[in-house]
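Numbering (the UniProt record's numbering), first residue to last: 1 to 674. The beta carbon of each residue, even a glycine, is placed where N, CA and C say it ideally should be. Just so it is clear, the structure is predicted and the values come from calculations on it, not from any experiment.
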């Protein structure tokens, strides 16, 4: 039987053939294990790696041109200049963004409009016969003042008081004093010196002035406009004695009003019937549900039509005088307070339903015997400081503008309990300052809780305090105009008025006859006893303006990306590369300082090791197709052929048979090889 000889391994075959063992392979260099966090050996390696691998254009030229110093310097300067220009543009973009510019959007709308609220007042706060006794002393002093200054005997026009009258020729001290014109200084003509005037918050005038001095009330003693200890007094000058008398009378009338809070001016229904002869809106008659009533200390009984208390607000679907509000008013001055009510007619104001009626600030007077037609145009406006208005709507608050949406962030309590407006805030601020400084409240503004209106019987120096506070308020030393920010959105109405004589000469007889029979009232002075008012929309079109941010975050990022691509042609990841470079620079600097510190204080015998490398990272190199030059001179390479053992020359002869190899001598083996 045939048997197969055992298969020899490769090494055994070589031994059988007498070739000896196979030479060992050369040892391969052992690769260093990669650490979790590694840094470059030096700044040079770091910048070389960054320039070789970054996606920022121009950086690779700093490495590829290193064998040409001129090119390297050129590209370095160009790269730094480009980098600086780009970040200068970045600064411009960020500056524009943080300036918070806005864009104004204008829209033109046309729709049915809500008719605004209309407030109209009688210009007579109380019937003179009703409060004549309370005003007796004040009237006497005023009459005496008029007689002393103008030799005017007012007994025939003002009437007599029930308690008797004193002879006006008897000298009474009065509160007004004529200021003579001082001699002009040398070289000046007709100019008053500022030093020659008393305490005065009015402009200097080129005429004889009137000084409103300490008011005198004989029954209550001397009531000066001075502080408690009489160390300082307040005086105010006027260019007209009439104005001085009116202001002085008005001031003491306000003081008397605090005692008349329980006095009813008149029944609401009687006053309305005697004041408004006819009322129509949109060619339909008005009713009591269309108005609300309040009393003003100066302007008397006031009636607000289509106010917030109206269950169904009036709507205007068509423009024109026939589609608005038409009122026929009685403007006679029977039983008016003669020294207080110096004008005749009525006072009217147009405002929003959720806004209080500030008759002093926004109202205007109606002339008797005249038909006043007021055309309106709705306008959404942004109010400026001190009443100036800028055409805008829905102003952006926060960083885009100093405005408030509802007044909740304003440090002033709203005493009116209505919608926030700048006027509401300013008046509330003054009332709050009045209570804190003077200890009492001003009667023209709402009364807060736990406060009372000013009265000389309880607050001796409130007049001095009020005028001083008013002077500080006018010059904004109280800070009310600073605290009271403008509302972001305001709806206002642009008014334009037209006037015509009413009724005409040919129609006045039958019109007055109808009014007399309809209202059961006899009109004594026909022409001065009536007035007519028409309020309507001129057009239903209205313009809305809104603000929007000019530069948003999306716009900013888009502009930054455009600038980055323009100067470097890279992307957001390139920014990450720059951040990584800065981080590596900081870490390498820290490690070098740490190594130097440790070598100096912990290993003094080993010499300074701060200059040695602090980290080990395989040096990176740029592929040959990226850069034609070698980044570093090549090291001495070792060929694998030089490390192999020399060949066995005995194997160059004929291959001997296995039988001849047994017992063969070395000499025979060598000769056979030859």
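How do the region 456-469 and the region 424-444 stand: do at least 3 beta-carbon pairs fall below 8 Å, yes or no?
yes
Q) Using CA coordinates, which residue listed in 302, 243, 413 and 315 is at the minimum distance from residue 358? A) Here residue 358 corresponds to residue number 358 of the chain shown, with the count starting at 1. Considering only alpha carbons, the answer is 302.
Q) Could you give the distance in angstroms between the alpha-carbon of residue 67 and the alpha-carbon of residue 96? A) For the purposes of this step, residue 67 is taken as the residue at position 67 of the chain shown. For the purposes of this step, residue 96 is taken as the residue at position 96 of the chain shown. C-alpha separation (whole angstroms): 44 Å.
(message) Let's test the definition: count the other Cβ atoms within 10 Å of the Cβ of residue 293 and tell me whether it reaches 16, buried, or not, exposed.
(response) Translated into positions along the chain shown, residue 293 becomes position 293. Residue 293 should be labelled exposed.
### Message
Can you list, in chain order, the residues of its chain with a C-beta nearer than 8 Å to that of residue 416? Leave out the 5 residues immediately preceding and following it.
### Response
Here residue 416 is taken as the residue at index 416 of the chain shown, counted from 1. Here the set comprises 356, 424, 427, 428 and 446.
Next item on the list: For the beta strand (DSSP E) containing residue 132, list its first residue and its last residue.
Entry: As a working mapping, residue 132 is identified with position 132 in the chain shown. Here residue 132 belongs to no beta strand (DSSP E), and DSSP marks it neither H nor E.
Hey, how far is the Cα of residue 480 from the Cα of residue 473?
In the chain shown, the residue the question calls residue 480 occupies position 480. In the chain shown, the residue the question calls residue 473 occupies position 473. Going by the C-alpha atoms only, they are around 7 Å apart.
Handout entry: residue 51 - DSSP class collapsed to helix/strand/coil
Key = As a working mapping, residue 51 is identified with position 51 in the chain shown. Note: residue 51 maps to helix in three-state DSSP.
Next item on the list: Excluding the 5 residues preceding and the 5 following residue 337 in the sequence, name in chain order all residues of the same chain whose CB lies nearer than 6 Å to its CB.
Entry: Residue mapping note: residue 337 aligns to position 337 of the chain shown, counting from 1. Correct list, in chain order: 128.
Fill in: Span separating the alpha-carbon of residue 550 from that of residue 564
In the chain shown, counting from the first residue as 1, residue 550 sits at position 550. In the chain shown, counting from the first residue as 1, residue 564 sits at position 564. Rounded to the nearest angstrom, the two C-alpha atoms are 21 Å apart.
For this session: Locate the alpha helix (DSSP H) running through residue 365, then write down its first and last residues.
Result: For the purposes of this step, residue 365 is taken as the residue at position 365 of the chain shown. Segment 364-366 is the beta strand (DSSP E) holding residue 365; no alpha helix (DSSP H) there.
request  = Note down the Cα distance separating residue 122 from residue 277, rounded to an integer number of angstroms.
outcome  = Position 122 of the chain shown, counting from 1, holds the residue named residue 122. Position 277 of the chain shown, counting from 1, holds the residue named residue 277. Roughly 13 Å between the two C-alpha positions.
* Asked: Does the region 494-504 touch the region 398-417, meaning 3 or more C-beta pairs lie closer than 8 Å?
  -> no
**Study point:** Inter-residue spacing [alpha-carbon to alpha-carbon] between residue 501 and residue 117
**Key:** For this step, residue 501 is matched to residue 501 along the chain shown. For this step, residue 117 is matched to residue 117 along the chain shown. If you take the alpha carbons of residue 501 and residue 117, they lie about 26 Å apart.
Using the Cβ count rule (16 or more neighbours within 10 Å means buried), how would you classify residue 432? Within the chain shown, residue 432 is the residue found at index 432, counting from 1. Its Cβ being crowded by 16 or more others within 10 Å, residue 432 is buried.
### Message
Between which two residues does the beta strand (DSSP E) holding residue 121 run?
### Response
On the chain shown, residue 121 is found 121 positions in, with the first residue counted as 1. Run containing residue 121: 117-121, per the beta strand (DSSP E) assignment.
Next item on the list: List the DSSP bridge partners of residue 304.
Entry: Taking the chain shown and counting its residues from 1, one reaches residue 304 at position 304. BP columns for residue 304 point to 119 and 292.
Next on the checklist: Helix, strand or coil for residue 632? Go by DSSP, reduced to three states.
Outcome noted: Taking the chain shown and counting its residues from 1, one reaches residue 632 at position 632. With a pLDDT of 46 at residue 632, under the threshold of 50, the modelled position of this residue cannot be trusted, and the question is left open.
* Asked: Between which two residues does the beta strand (DSSP E) carrying residue 317 extend?
  -> Within the chain shown, numbered from 1, the residue matching residue 317 stands at position 317. It is not in any beta strand (DSSP E) - residue 317 carries neither H nor E in the DSSP assignment.
| Tell me, which residues are paired with residue 376 by DSSP? | Position 376 of the chain shown, counted from the start, is the residue given in the question as residue 376. Paired residue(s): 495 and 537.
In whole angstroms, give me the CA-to-CA distance for residue 309 and residue 287.
The residue you call residue 309 lines up with position 309 of the chain shown. The residue you call residue 287 lines up with position 287 of the chain shown. Rounded to whole angstroms, residue 309 to residue 287 spans 14 Å at the Cα level.
Under 8 Å Cβ to Cβ from residue 112, same chain only, skipping five residues before and after it: list those, please. As a working mapping, residue 112 is identified with position 112 in the chain shown. Excluding sequence neighbours, residue 112 sits near 315, 316, 317 and 540.
For a test of the three-state rule: what should DSSP assign to residue 555, helix, strand or coil? Residue mapping note: residue 555 aligns to position 555 of the chain shown, counting from 1. Residue 555 falls in the helix class under three-state DSSP.
* Asked: Going by Cα to Cα distance, which pick from 560, 90, 531 and 578 is closest to residue 49?
  -> Taking the first residue of the chain shown as position 1, residue 49 is located at position 49. Cα-wise, what sits closest to residue 49 is 578.
Using CA atoms only, rank isn't needed, just tell me which of 571, 257, 443 and 312 is closest to residue 281. Counting from 1 along the chain shown, the entry for residue 281 is found at position 281. Nearest of 571, 257, 443 and 312 to residue 281, Cα basis: 312.
Would you list the one or two residues that DSSP bridges to residue 542?
Taking the chain shown and counting its residues from 1, the one referred to as residue 542 is at position 542. Answer is 109, bridged to residue 542.
Note to self: Using the three-state DSSP reduction, which class does residue 97 fall into: helix, strand or coil?
What the structure shows: In the chain shown, residue 97 corresponds to position 97, counting from 1. Residue 97 falls in the helix class under three-state DSSP.
Evaluate residue 284 with the Cβ neighbour count: other Cβ atoms within 10 Å of its Cβ, from every protein chain shown; 16 or more gives buried, anything less gives exposed.
To locate residue 284, count along the chain shown from 1; it is residue 284. Exposed, because fewer than 16 other Cβ atoms sit within 10 Å of the Cβ of residue 284.
Within 10 angstroms of its Cβ, does residue 139 collect 16 or more other Cβ (buried), or is it exposed?
The residue given as residue 139 occupies position 139 in the chain shown. Its Cβ being crowded by 16 or more others within 10 Å, residue 139 is buried.
Practice prompt. Could you check if residue 378 is buried or exposed, using at least 16 other CB atoms within 10 Å of its CB as the buried criterion?
Written response: On the chain shown, residue 378 is found 378 positions in, with the first residue counted as 1. Buried, since its Cβ has 16 or more Cβ neighbours within 10 Å.
- Item | C-alpha distance - residue 627 paired with residue 101, whole-angstrom precision | Here residue 627 is taken as the residue at index 627 of the chain shown, counted from 1. Here residue 101 is taken as the residue at index 101 of the chain shown, counted from 1. Any reading at residue 627 needs caution, since the residue's pLDDT is 45, under 50, leaving its predicted position unreliable; the model's value is listed next. One C-alpha to the other measures close to 48 Å.
Self-check item: Cβ neighbour criterion (16 or more within 10 Å) applied to residue 413
Solution: Here residue 413 corresponds to residue number 413 of the chain shown, with the count starting at 1. Per the 10 Å Cβ criterion, exposed.
### Query
Can you give the Cα-Cα distance for residue 528 and residue 364, rounded to whole angstroms?
For the purposes of this step, residue 528 is taken as the residue at position 528 of the chain shown. For the purposes of this step, residue 364 is taken as the residue at position 364 of the chain shown. Spanning the two alpha carbons is a distance of roughly 18 Å.
* From the DSSP output, which residues share a beta bridge with residue 280? -> Taking the first residue of the chain shown as 1, we reach residue 280 at position 280. Paired residues: 285 and 326.
* Residues bridged to residue 103 (per DSSP) -> Counting from one through the chain shown, the residue named residue 103 turns up at place 103. Residue 103 is bridged to 548.
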